[in-house]
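Before any comments, here is the structure.
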Amino acid sequence: MPELPEVEVVRLGLAEYVVGRTLAAAEVRHPRSVRRHVAGELDFVARLAGRTIWAARRRGKYVWLDLDADCTCGEVLLAHLGMSGQMRIQPPDAPAETHLRVRLGFADGGPELRFIDQRTFGGLSVEDAVAGVPAPVAHIARDPMDPSFDLDAVVAGIRRRRTGLKRALLDQTLVSGIGNIYADEALWRARLHWAKPTATLTRAQGRSVLAAATEVMTEALAAGGTSFDALYVNVNGASGYFDRSLAAYGQGGRACPRCGTAIRRESFMNRSAYTCPRCQPRPRHPHP
DNA sequence: CATTTATCCTGTAAGC
DNA sequence: TGCTTACAGGATAAAT
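The first sequence lines up with residues 184 to 471 when you count with the working numbering.
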């Protein structure tokens with residue numbers, strides 16, 4: 184599932200292959216993939232034709248391409264990969280992928296940009312940027328790799344909440360970029376349980392779990408991301424290999440790399456939470 | 001207001 | 001074998 188490291192790998196690919204090029208015709212093959220473009224499919228296509236891509240940027244799990252030289256107040260092509268979205272660079276004559284949703288051709292006739300998305304939770308839209316950030320991203324907190332990320336402020340924000348620790352880590356308005364995989368890995372590294380009430384979190388524990396999240400996402404980025412179920416690939420179709428380094432996520436029944444105890448899978452918010460029962464003891468009063 | 005839950009979607013895999 | 005069911009889960013609207 185694309186979280187910060189996977190989206191950053193995609194951003195790097197976009198920076199390499201499409202920045203500096205000028206868009207020609209766009210083709211929307213599935214309306215759901217542009218549903219966030221409120222002015223509709225035709226307007227989406229019309230707004231892209233002839234536009235030059237000036238930069239590829241990211242915040243959390245959102246990635247966008249600047250369509251105006253002045254990035255502080257121009258338009259951008261905003262993308263969210265959702266669960267299964269992929270950005271691929273392909274020759275224009277390459278056969279259509281099974282879940283090809285949007286094709287973006289270029290005026291130079293070179294490789295085109297394709298948005299492929301099996302589950303269609305992701306999508307593209309053209310948005311106005313305000314102070315350099317697309318409007319739908321304005322409420323998304325800075326991520327741990329942002330130079331302006333304020334760790335102590337985020338720890339304070341988490342401790343102000345009245346919820347469970349993992350819920351807070353997944354809340355993109357507190358800190359962005361962390362999804363289910365890296366939340367479980369960060370909690371495992373910090374030896375904290377997902378149901379620990381944020382009210383009982385010390386400042387040191389808060390700093391520890393965020394440092395762990397930053398560390399594990401940095402390592403995952405260096406490995407090209409995590410391709411847990413082969414739905415995540417880079418712009419050239421290659422998988423990342425950080426899944427081999429996961430200690431907790433998806434490891435139910437397997438030995439904890441630290442103490443050998445079997446990793447436990449629990450139900451959490453209609454999904455899963457993986458913990459080591461020994462390294463991450465359940466809090467006395469767990470938050471549901 | 002703060003917090004939690006249901007919903008969107010499709011392919012894979014497990015269970016009967 | 002073939003059908004049904006559970007599961008994967010990011011963001012947000014709706015509910016509490």
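We put the CB at the ideal spot given by N, CA and C, even for glycine.
Legend entry - Identity of the residues DSSP links to Val190 by a beta bridge: For the purposes of this step, residue 190 is taken as the residue at position 7 of the first sequence. None, per the DSSP bridge assignment.
Inset, instruction - Taking 8 Å as the cut-off, decide whether the C-beta atoms of Trp171 and Val202 are in contact. - result: The shown model of the chain, from 184 to 471, leaves out residue 171, and the question about it has no answer.
Inset, instruction - Give the single residue among Pro471, Asp333, Gly315, Asp367 whose Cα lies nearest to the Cα of Met400. - result: If you number the first sequence from 1, residue 400 lands on position 217. Among Pro471, Asp333, Gly315, Asp367, the Cα nearest to that of Met400 is on Asp367.
Legend entry - Distance between beta carbons of Ser216 and Leu307, contact taken as under 8 Å: Indexing the first sequence from 1 puts residue 307 at position 124. Indexing the first sequence from 1 puts residue 216 at position 33. Leu307 to Ser216, Cβ: 6 Å. Contact.
Legend entry - Among Gly362, Asn419, Thr385, Gly305, the one whose alpha carbon lies nearest that of Glu199: Working through the first sequence from its first residue, we reach residue 199 at position 16. Nearest to Glu199 by C-alpha distance, out of Gly362, Asn419, Thr385, Gly305, is Asn419.
Legend entry - Contact check, Ala396 vs Gly407, beta carbons under 8 Å: For the purposes of this step, residue 396 is taken as residue 213 along the first sequence, with counting starting at 1. For the purposes of this step, residue 407 is taken as residue 224 along the first sequence, with counting starting at 1. No, the pair does not count as a contact, with Cβ atoms beyond the cut-off.
Inset, instruction - Could you give the DSSP three-state label for Trp247: helix, strand or coil? - result: In the first sequence, the residue the question calls residue 247 occupies position 64. Residue state, collapsed to three classes: strand.
Legend entry - Three-way DSSP call (helix, strand, coil) for Thr235 in this model: Taking the first residue of the first sequence as 1, we reach residue 235 at position 52. It is a strand residue.
Inset, instruction - Would you mind stating whether Glu449 and Ala456 have Cβ atoms separated by less than 8 Å? - result: In the first sequence, residue 449 corresponds to position 266, counting from 1. In the first sequence, residue 456 corresponds to position 273, counting from 1. Closer than 8 Å, so yes.
Inset, instruction - Tell me whether Arg345 is buried or exposed, calling it buried when 16 or more other Cβ atoms sit within 10 Å of its Cβ. - result: As a working note, residue 345 is residue 162 in the first sequence. Answer is exposed; the Cβ neighbour count stays below 16.
Inset, instruction - Work out the CA separation of Ala394 and Pro472 for me, nearest whole Å. - result: Past the boundaries of the shown model lies residue 472; the chain is included only from 184 to 471, so the question cannot be answered.
Inset, instruction - Could you check the C-alpha separation between Phe227 and Val211 for me, to the nearest Å? - result: Here residue 227 refers to the residue found at position 44 when the first sequence is read from its first residue. Here residue 211 refers to the residue found at position 28 when the first sequence is read from its first residue. Spanning the two alpha carbons is a distance of roughly 9 Å.
Legend entry - Complete runs of the alpha helix (DSSP H) confined to the stretch 184–228 [at least 4 residues]: 187–200
Inset, instruction - May I have the straight-line CA-CA distance separating Arg230 from Leu248, to the nearest angstrom? - result: As a working note, residue 230 is residue 47 in the first sequence. As a working note, residue 248 is residue 65 in the first sequence. Between Arg230 and Leu248, the C-alpha separation is close to 13 Å.
Legend entry - Beta-carbon gap between Thr205 and Phe289 smaller than 8 Å: Here residue 205 is taken as the residue at index 22 of the first sequence, counted from 1. Here residue 289 is taken as the residue at index 106 of the first sequence, counted from 1. Yes, the Cβ-Cβ distance between Thr205 and Phe289 is below 8 Å.
Inset, instruction - Could you please give the first and the last residue of the uninterrupted alpha helix (DSSP H) stretch that includes Gln388? - result: The residue labelled residue 388 in the question sits at position 205 within the first sequence. 386–405 is the extent of the alpha helix (DSSP H) around Gln388.
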